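The numbering of the sequence shown is the numbering used here, which starts it at 2 and goes up by one. Below you'll find the structure, written out as structure tokens, and then a few comments.
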Amino acid sequence: MPSNNTPPLQIDQVHKTFRQGNSSVRALDGVDLTVQSGELVAIMGASGSGKSTLLHAMAGLIQVDAGQVSIAGQDLSQLNDVALTKFRRKNLGIVFQAYNLIPALTAEENIRLPANEATNLDDRVERLLDRLGMSERRSHRPMALSGSEQQRIAIARALICDPAILLAVEPTGSLDSATGTTICRLLRSLVDEEQRSIVVVTHEPHVAMWADRVVVMKDGTDLAEFKTDRIRDPQTVANRYQEALGAEAVH
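Right, dumping it as structure tokens:
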């Protein structure tokens, strides 16, 4: 985890253009974002807005053309491939819409995968299983787990190395409404009770409403942001999102 004075995530004027034959697509156009410790930030945008590209940049999965992405104070562009892979494994947790659990492994074995060289691993696994309410399901394989249980295991796996920041990509996209709310409550509790830093990429207001701030993206830019003020109302978030898009259209 980063020191109190170092933001877990700092993005400064990031640009990224993809080449497609003789044409080019500007995916990110001067994006700025800072995420502090104990903060949950949602990134909202339609398909093609740049939110997925931004997440890939945060995770060091793509190189940006200009600007800087720093995790726990480390500029990712200064790391070679080997160092970046090692740094990512230790400092970054990622939760996907598809749980990406290995079918042949038990829940506990899936959790242990990223941290096979970590110290005090047994204690970490025990704490996470207990924290996420999965202690009694530790020996089950993914096919024997519900969608909510699989996502909990995916979250535990992402947290096993105590990362500086957790990235969640449409974390409720494969779940029904009630189960999705359970996962959102869990993410919120990790922020409130453990001072975790989480970025959620979503297009769903009922997910974004659990964030402290919502960043609105359009055409590769961070168009606007607003605070949720802890109002757990998806319609309010949807209205503010549309207002941000509408304000841009007026200009």
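We put the beta carbon where it would ideally sit given N, CA and C, even for glycine. In this text, all values refer to a predicted model and were calculated from it rather than measured experimentally.
Here DSSP, grouped into helix, strand and coil, assigns residue 59 to helix.
Around the beta carbon of residue 244, fewer than 16 other beta carbons sit within 10 angstroms, so the residue counts as exposed.
Unbroken alpha helix (DSSP H) runs of no fewer than 4 residues, entirely contained in the segment 177-216, are found at 178-195 and 206-209, following chain order. Residue 228 counts as exposed, since fewer than 16 other beta carbons sit within 10 angstroms of its beta carbon.
Rounded to the nearest whole angstrom, the C-alpha separation of residue 231 and residue 237 is 11 Å. DSSP, read as helix, strand or coil, puts residue 76 in strand.
The shortest C-alpha to C-alpha distance from residue 240 to any of 133, 201, 45 and 58 is the one to 45. The alpha-carbon of residue 190 is positioned some 9 Å away from that of residue 196.
Within the same chain, 69 come within 6 Å of residue 76 by CB-CB distance, once the 5 residues on both sides are set aside. Within the same chain, Cβ atoms closer than 7 Å to the Cβ of residue 102 are found at 111, 143, 151, 154 and 155, the five residues on either side in sequence being excluded.
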